[in-house]
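What follows is a single structure, written as structure tokens, with notes after it.
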Amino acid sequence: RRTHTGEKPFRCFHCGKSFNVSSNLYRHQRGHDGADPEAEKPRKNPYKCQECGKSFRRNKELATHQRLHTGRLPFQCGHCGKSFSWSSHWERHQRIHTGEKPYECPECGKSFSRSSHLYRHQRGHAGGRSFHGGASEKPYRCGDCGKSFSWSSHWERHQRIHPGERPYECPECGKSFGRTSHLYRHQRTHAGGQP
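Under full-length UniProt numbering, the very last position in the sequence shown is 195; numbers go up by exactly one each time.
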């Protein structure tokens, strides 16, 4: 609360510097006592993760970060029981159950549950260019046929069609495919499913 009011009632009797929290005054005064020479230097991120060494400005931020290491998942979905480390991920997940799609394309009106899905969709309207009017966003170009791709993974997948590379082999019959999706479709025929 004092952060917003600017009130700093905790004053150092050595140098007169004031603090809004008593623990900050205590840390500062330890520097005057010689107990901790680093204490009198203001530190931007005093809360350090013992697991990975990353530092944080607030203890609460450190506690949230530590969920990465502990696997703690305090946010649980009441619909399906799935748990999440962060409330933002829990909120995003809720849209699966509610059907909420708050991100709307201004060009065609189609709505999406995630901003990243809207962004990907908008690139389609712009023909692969930035929908903000920038240069082409298809930097991965095939040297054999000139086709361009937005993502390196799509470029790599495309490269297999030229030399006829088929790295995905069916363990059942030995037939090979250029894409995993084609292998999976083929494998359904062995399982008695539709091709």
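Cβ atoms here follow ideal geometry from the backbone N, Cα and C, with glycine treated the same way. Computed from a predicted model, the values in this text were never measured in an experiment.
Check your understanding: If you follow the alpha helix (DSSP H) that residue 96 is part of, which residue opens it and which one closes it?
Key -> 87-98
Practice item. Pull up the DSSP beta-bridge partners for residue 75, would you. Key: 84
**Study point:** Where residue 153 falls: helix, strand or coil (DSSP)
**Key:** Here residue 153 sits in helix by DSSP.
Practice item. Inspect the beta-carbon positions of residue 155 and residue 142 and report whether they are closer than 9 angstroms. Key: yes
Point to revise | Nearest neighbour of residue 14, chosen from 24, 21, 29 [CA to CA] | key: 29
**Study point:** Whole-angstrom distance between residue 85 and residue 93, CA atom to CA atom
**Key:** 12 angstroms
Exercise for review: Compute the Euclidean distance between the alpha carbons of residue 114 and residue 62, then round it to the nearest angstrom.
Suggested key: 27 angstroms
Review point. Would you say residue 57 and residue 44 are within 9 angstroms of each other, going by their C-beta atoms?
Key: yes
Check your understanding: Excluding five sequence neighbours on each side, which residues of the same chain lie with their C-beta closer than 6 angstroms to the C-beta of residue 17?
Key -> none
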